[in-house]
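Written below as structure tokens is the structure these notes are about.
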Amino acid sequence: MSATNERFSGPGPDQIYSDFLRKDVFSLPQCKDCHEFHFFPRVVCPHCGGFNLEWKTLSGKGEIYSTTTIRRKPERGGNYNVCHVTLEEGPRLMSRVDGVDSLDVKIGDQVTAVINKDGNDPFIVFVPAQGV
Ligand SMILES: [Zn+2]
Numbered sequence: 026m027s028a029t030n031e032r033f034s035g036p037g038p039d040q041i042y043s044d045f046l047r048k049d050v051f052s053l054p055q056c057k058d059c060h061e062f063h064f065f066p067r068v069v070c071p072h073c074g075g076f077n078l079e080w081k082t083l084s085g086k087g088e089i090y091s092t093t094t095i096r097r098k099p100e101r102g103g104n105y106n107v108c109h110v111t112l113e114e115g116p117r118l119m120s121r122v123d124g125v126d127s128l129d130v131k132i133g134d135q136v137t138a139v140i141n142k143d144g145n146d147p148f149i150v151f152v153p154a155q156g157v
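Just remember that our numbering sits 25 ahead of the position in the sequence shown, which is counted from 1.
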């Protein structure tokens, strides 16, 4: 393609998302037209089709929407949790809860986002919310 669309110049939404996480900031795009957040990050609002997006820092607060335990032998790392978390700002994402036995994660539990930087690309996991 020879023409360049200025609207889509620069790094893509996945790159921006990862760059924020590397700076210890959990941020997602919010649509300036319909005011909805979305995950995963996109260049077009999935709610209204708008292009007028703005990156906003999130509270990190969320609630367990669904949860399951993936069973593994202890010598292979033991059981782990896979869950869907509904963020306070609205989007829902798949993740896991660390710092608690996977069988103790319950629907409706309040959780807090933590940026995991163990691998090449940082990603979001959750821990039980304090004081709940
Ligand atoms: Zn929108």
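No residue lacks a Cβ here, since even glycine has one placed at the ideal position from N, Cα and C.
Computed from a prediction, not measured in an experiment: that's the story for all the values here.
Secondary structure at Pro99: helix, using DSSP grouped into helix, strand and coil. Shortest Cα-Cα distance from Glu61 to any of Pro116, Ser91, Ile41 involves Pro116. Minimum Cα-Cα distance from Tyr105 among the listed residues Glu113, Glu114, Glu88, Gly124 corresponds to Gly124.
For Pro54, the closest alpha carbon among the candidates Gly37, Asp146, Lys81 is that of Lys81. The closest CA to that of Thr92, considering only Ile132, Cys56, Phe51, Asp126, is found on Ile132. By the neighbour-count criterion, in which 16 or more other beta carbons inside 10 Å mark a residue as buried, Gly35 falls on the exposed side.
Per DSSP, the continuous alpha helix (DSSP H) segment holding Leu46 begins and ends at 38 to 47. Burial is judged here by how many other beta carbons sit within 10 angstroms of a residue's own beta carbon; Ile149 has at least 16 and is buried. In the DSSP assignment, Leu53 falls within the beta strand (DSSP E) that extends over 52 to 56.
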